[in-house]
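Participant:
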Amino acid sequence: MRPPPLPLGITEDSGGHLTYLWGAAEALAERDDVSHVELVTRLFDEPELGPDYKIPLQACGPKLDIRRIDSGNRRYLSKEAAAADRPAFIAALLADLETRDVLPDVVHAHFADAAETAIAIRDQFGIPFVYTAHSLGIDKSDHVTADGDLTRRIGFEDRAIAEADAIIASSRDEAERQLMRYPSADAAKIHRIPPGAGLRQAAGSNFARAREMVAPFLRNPDKPVILAVARPVHKKNLGLLVEMFGRSPALREAANLVIVAGLRDGPDSGEQEQREVIAQLLDGLDRHDLYGSLALPKRHGQSDIASFYAYARETGGLFVNPAATEPYGLTLTEAALHALPVVATCHGGAADIVAELGHGISADPSDEEAFIGGMLAVLGDRDRWAEAAAEGQARVRVHSWERYAERFVAIANDMRAPHSATARGRDLLLSDIDGTLTGCRIGARNLRAALLRDPRRLFGIATGRSLQEAQRILGEWHYPAPTVLVTSVGSEIYWREGGRLVADQSFADRLAHDWDPERIGEALADLDRLVLQPPVEQRRFKISYFASGNDIAALVEERLAEAGLVARVIHSHGNLLDILPTNGGKAAAMRWVARRLGLPLSAVFAAGDSGNDRDMLEACPRAILVANHCPTVADLARRPNVTRTAAPHARGIVEALERFDKENHDGRLAA
Numbered sequence: 001m002r003p004p005p006l007p008l009g010i011t012e013d014s015g016g017h018l019t020y021l022w023g024a025a026e027a028l029a030e031r032d033d034v035s036h037v038e039l040v041t042r043l044f045d046e047p048e049l050g051p052d053y054k055i056p057l058q059a060c061g062p063k064l065d066i067r068r069i070d071s072g073n074r075r076y077l078s079k080e081a082a083a084a085d086r087p088a089f090i091a092a093l094l095a096d097l098e099t100r101d102v103l104p105d106v107v108h109a110h111f112a113d114a115a116e117t118a119i120a121i122r123d124q125f126g127i128p129f130v131y132t133a134h135s136l137g138i139d140k141s142d143h144v145t146a147d148g149d150l151t152r153r154i155g156f157e158d159r160a161i162a163e164a165d166a167i168i169a170s171s172r173d174e175a176e177r178q179l180m181r182y183p184s185a186d187a188a189k190i191h192r193i194p195p196g197a198g199l200r201q202a203a204g205s206n207f208a209r210a211r212e213m214v215a216p217f218l219r220n221p222d223k224p225v226i227l228a229v230a231r232p233v234h235k236k237n238l239g240l241l242v243e244m245f246g247r248s249p250a251l252r253e254a255a256n257l258v259i260v261a262g263l264r265d266g267p268d269s270g271e272q273e274q275r276e277v278i279a280q281l282l283d284g285l286d287r288h289d290l291y292g293s294l295a296l297p298k299r300h301g302q303s304d305i306a307s308f309y310a311y312a313r314e315t316g317g318l319f320v321n322p323a324a325t326e327p328y329g330l331t332l333t334e335a336a337l338h339a340l341p342v343v344a345t346c347h348g349g350a351a352d353i354v355a356e357l358g359h360g361i362s363a364d365p366s367d368e369e370a371f372i373g374g375m376l377a378v379l380g381d382r383d384r385w386a387e388a389a390a391e392g393q394a395r396v397r398v399h400s401w402e403r404y405a406e407r408f409v410a411i412a413n414d415m416r417a418p419h420s421a422t423a424r425g426r427d428l429l430l431s432d433i434d435g436t437l438t439g440c441r442i443g444a445r446n447l448r449a450a451l452l453r454d455p456r457r458l459f460g461i462a463t464g465r466s467l468q469e470a471q472r473i474l475g476e477w478h479y480p481a482p483t484v485l486v487t488s489v490g491s492e493i494y495w496r497e498g499g500r501l502v503a504d505q506s507f508a509d510r511l512a513h514d515w516d517p518e519r520i521g522e523a524l525a526d527l528d529r530l531v532l533q534p535p536v537e538q539r540r541f542k543i544s545y546f547a548s549g550n551d552i553a554a555l556v557e558e559r560l561a562e563a564g565l566v567a568r569v570i571h572s573h574g575n576l577l578d579i580l581p582t583n584g585g586k587a588a589a590m591r592w593v594a595r596r597l598g599l600p601l602s603a604v605f606a607a608g609d610s611g612n613d614r615d616m617l618e619a620c621p622r623a624i625l626v627a628n629h630c631p632t633v634a635d636l637a638r639r640p641n642v643t644r645t646a647a648p649h650a651r652g653i654v655e656a657l658e659r660f661d662k663e664n665h666d667g668r669l670a671a
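Under the UniProt record's numbering, the residue at position 24 of the sequence shown is numbered 24, and the numbers go up by one with no gaps.
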């Protein structure tokens, strides 16, 4: 770690996480509510790697330093080799902290080895810690043969997950699937915060520099460029990418291939894995006779990366990530920022990014025909290319380090809040999120102000989204932290106790009775109008499908009855179908929450706008149907317990609450 320009690719361990660390630290240091940020790492003295790494304390700004701890071993050590040095590093860091007048409020551990350090700091000083995994071994184990080192790594990762006070994940896949595969995972501790997209480095990128760097390699440097930027490690599948390119005449006809894979002085330079990957690339170059169409630049600076993106864009090319699995993929957001379409692996968080930004295609790199087909599809359809480029550049602007820092500080403040009993209040607003709390910034601001003015009115959400997505959206819309979160269409409940969230295990135990998801799946397996949603959408007590046809819910209920199964079937938004235990759903969760809070159901205001809110709105004596509701729930406006608002979204909720409060006030005066 050093100040920019970051040493990306200088070793096999100097990858995108350095960009993450620097972007997060810099954005946090710029906040008024953060007094200081310190990046802590090992001190080493290896002249060929540069002089910075032997500086004990390096000032990088008014509130940002890099502190390097001398463990007694001043050699550069790879991530694996550093494990043996960790006890000495921890001891030296603890000794350093003992000398300080002011201790940090929060430690942020990146990777599981840093979590071991953070655990030691918390044990000695009581400082809570946040854990970010970046790359999880349990997913890597799906793609490699048995590996004792990987088994040990997974063990350390599980310990980090168990011990962390909060966990930050970059993608939905990492938050809701990868992390949850670990025995110690607790969804209530996991938060999804997308990292920034390198916005500060994007301005003024000039493709001429990249064109100059690849010109010696390419016969026709004006052809569209397929660009890959990755560390030269096996899991990035760069050798496979060369094989695909070499074996596809159509791809070679359509484009050049440019691979920016770390820094090297020759085929024998660098660490073992780096040398092996470079050897694969050079072997593919020779066997497929790719001279003139494959560029493998040996050296580049951090600023050159932006130039490569711009060069690929100017030639009408694309960015490609063929990794076996990709925990997140910062390069995909950088490509979007530069208006460059992508074809990316479907394994890991990369698929989330592509779906969210709409700037390309996800495909399985182990299916070479499909992956090559994806690249040819983007290169061969200029309208599709232009749409992907525009969509990505427009949508990626929400991925900023400033937003990341804002959410991080909120989580840190919650994490440090004292524990307290579940809040008590006069009444409860329990609201859907999408289209109800969101959709109007002015309405959201007004509702937020109304909730803060009246602390005896508790705030909760009831959403079809997962816990992590619910928290992410509430944070982006600046809503106060809810007392209770009913998530995944009423199949999970989480309570806020102090700054922590705690799963309602009693509610889960209730849902487990007579719930048989395997038999339900078997009973519906041959219905071609149902398609299972991705694994990230499935829950312990929720099976989710894409569905077609207005009668699909009735058909599913009939099929389940024929199999002797009972379950709740919820059809919403036209094409989404969820199956829950019979005693699940938003209405059942609402009643459970009211009882736990000691409130009569008449003291609950339930707000919603779509089909998965129906049972809650039907059951609540004071239901709120916002003006922008879906046509499928329009009939609810005729029910005496439902207030249909004139205003949409959160403005409608404010309108209804003001009406209810006036009625209560007038009633008290009359009495």
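Using N, Cα and C, we set each Cβ at its ideal position, and we do this for glycine too. These numbers were taken from a predicted model, which means no experiment stands behind them.
(1) Using 8 angstroms as the threshold, is the C-beta distance between His-191 and Ala-166 below it?
(2) What would DSSP say about Gly-360, mapped onto helix, strand or coil?
(3) Using the DSSP secondary-structure output, state which residues sit across from Leu-429 in a beta bridge.
(4) Which same chain residues end up closer than 7 angstroms to Gly-204 when comparing Cβ atoms and leaving out the 5 residues on each side of it in sequence?
(5) Could you check the C-alpha separation between Asn-583 and Leu-511 for me, to the nearest Å?
(6) My assumption, with CB atoms under 8 angstroms, is that His-134 sits in contact with Phe-111. Please give the rounded CB distance.
(7) For Arg-496, does the three-state DSSP call read helix, strand or coil?
(8) Just grab the DSSP bridge partners of Phe-308 for me.
(9) Which residues in the same chain as Arg-659 place their Cβ atom closer than 6 angstroms to its Cβ, once the five residues preceding and following it in sequence are excluded?
(10) Can the beta-carbon of Ala-370 be found closer than 8 angstroms to that of Ser-362?
(11) Applying the 10 Å Cβ sphere with the 16-neighbour rule, what's the burial state of His-36?
(12) Per DSSP, Phe-546 forms a beta bridge with which residues?
(13) For Gly-292, which three-state DSSP category applies?
(14) Taking just the CA atoms, how far does Ala-187 sit from Ser-548?
(15) Across the stretch 369–386 and the stretch 459–475, are there enough close Cβ pairs to call them in contact, namely three or more that are closer than 8 angstroms?
(16) Of the choices Gly-380, Asp-352, Asp-283 and Pro-56, whose alpha-carbon is the least far from that of Gly-317?
(17) Whole angstroms are fine: how far does the CA of Ala-470 sit from the CA of Ile-433?
(18) Between Thr-325 and Lys-79, is the Cβ-Cβ spacing less than 8 angstroms?
(19) Quick one: Cα of Arg-496 to Cα of Arg-448, how far?
(20) Please go through the stretch 319–396 and give each complete alpha helix (DSSP H) segment of 4 or more residues, from N-terminal end onward.
(21) So for Ala-202, helix, strand or coil by DSSP?
(22) Whose C-alpha, out of Ala-525, Leu-451, Val-531 and Leu-429, is nearest the C-alpha of Leu-485?
(23) Taking C-alpha atoms, which residue in Ala-279, Gly-284, His-288 and Ala-594 lies nearest to Pro-249?
(24) In the DSSP assignment, what residue or residues form a beta bridge with Arg-568?
(25) Work out the CA separation of Gly-16 and Arg-426 for me, nearest whole Å.
(26) Within the continuous alpha helix (DSSP H) that includes Ala-242, where are the two ends?
(27) What residue range is occupied by the uninterrupted alpha helix (DSSP H) comprising Asn-446?
(28) Does the stretch 621–633 come close enough to the stretch 524–539 to have 3 or more Cβ pairs within less than 8 angstroms?
Facilitator: The structure says:
(1) yes
(2) strand
(3) Phe-459 and Phe-605
(4) With a pLDDT of 47 at Gly-204, under the threshold of 50, the modelled position of this residue cannot be trusted, and the question is left open.
(5) 6 angstroms
(6) 6 angstroms
(7) strand
(8) DSSP output for Phe-308 lists no bridge partner at all.
(9) none
(10) no
(11) exposed
(12) Val-531 and Leu-576
(13) strand
(14) 31 angstroms
(15) no
(16) Gly-380
(17) 8 angstroms
(18) no
(19) 18 angstroms
(20) 330–337, 350–357, 368–380 and 382–395
(21) Only weak support is given to the placement of Ala-202: the predicted model assigns it a pLDDT of 47, under 50, and the question is left unresolved by the model.
(22) Leu-429
(23) His-288
(24) Leu-580
(25) 49 angstroms
(26) Contrary to the premise, residue 242 reads as Val rather than Ala in this sequence. 238–247 is the span of the alpha helix (DSSP H), which, as asked, contains Val-242.
(27) 441–453
(28) no
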